[in-house]
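Numbering (my numbering), first residue to last: 35 to 179.
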């Protein structure tokens, strides 16, 4: 006797519906923040401080800030210092703005929410570190090569 139910030969014949539960965004932002933090703390003599509240501030040497990350509702806002040339290019991107309070000193804030903005922020974090690290440290690292 034939079955009254239709059996599909392939799973792809009946793909599952994608159901958005609204909770994955927070997990993604947490992963972005953890990645940024891991990169920042991986630089020579870098350390974390929290002088302005409940978000990580990345420092090198004797209290030299080279960046910080604040998790917002839809992005992780990474603030860092760039050279004038890098800032000019960064400002062309829709997720970059002049940093509040310190923008006049060459600092920008990137709203990181996807792979493109994360890749750019990581590259800029490296640049910010080298701009702010003590000259002795820079010379020691460059002398190793």
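By construction, the Cβ of each residue, glycine as well, lies at the ideal position given by its N, Cα and C atoms.
With 16 as the cutoff for other CB atoms within 10 Å, does residue 174 come out buried or exposed?
Looking at its Cβ environment, which holds fewer than 16 other Cβ atoms inside 10 Å, residue 174 is exposed.
Can you list, in chain order, the residues of its chain with a C-beta nearer than 6 angstroms to that of residue 146? Leave out the 5 residues immediately preceding and following it.
66, 109, 110, 112, 152 and 155
On the criterion of 16 or more Cβ atoms from any shown chain inside 10 Å, does residue 142 qualify as buried, or is it exposed?
With at least 16 other beta carbons inside 10 angstroms of its own, residue 142 counts as buried.
Do you know how far the Cα of residue 121 is from the Cα of residue 96?
Roughly 25 angstroms between the two C-alpha positions.
Specify the secondary structure class of residue 82 as computed by DSSP and reduced to three states.
strand
With 16 other CB atoms within 10 Å as the buried threshold, where does residue 40 fall?
At residue 40, the pLDDT of 49 sits below 50, so the modelled position is not reliable; the number obtained from the coordinates is stated separately. By the neighbour-count rule (16 or more Cβ atoms within 10 Å), residue 40 is not buried but exposed.
Is it true that the stretch 85 to 99 meets the stretch 123 to 133, where meeting means three or more beta-carbon pairs spaced less than 8 angstroms apart?
no
Considering Cα atoms alone, identify which of 158, 150, 117 and 160 is closest to residue 140.
117
So residue 85 packs on residue 171, CB below 8 angstroms; how close in whole Å?
With 8 angstroms as the limit, residue 85 and residue 171 do not qualify as a contact, their Cβ atoms being about 21 angstroms apart.
Less than 8 angstroms between the CB atoms is what I'm expecting for residue 101 and residue 159, so what's the real figure, rounded?
5 angstroms
Quick one: Cα of residue 107 to Cα of residue 98, how far?
28 angstroms
Which of the three DSSP states, helix, strand or coil, is assigned to residue 126?
coil
From residue 133 to residue 76, what does the alpha carbon distance come to, in whole angstroms?
24 angstroms
Below 8 angstroms between beta carbons: does that hold for residue 115 and residue 165?
Less than 8 angstroms separates the beta-carbon of residue 115 from that of residue 165.
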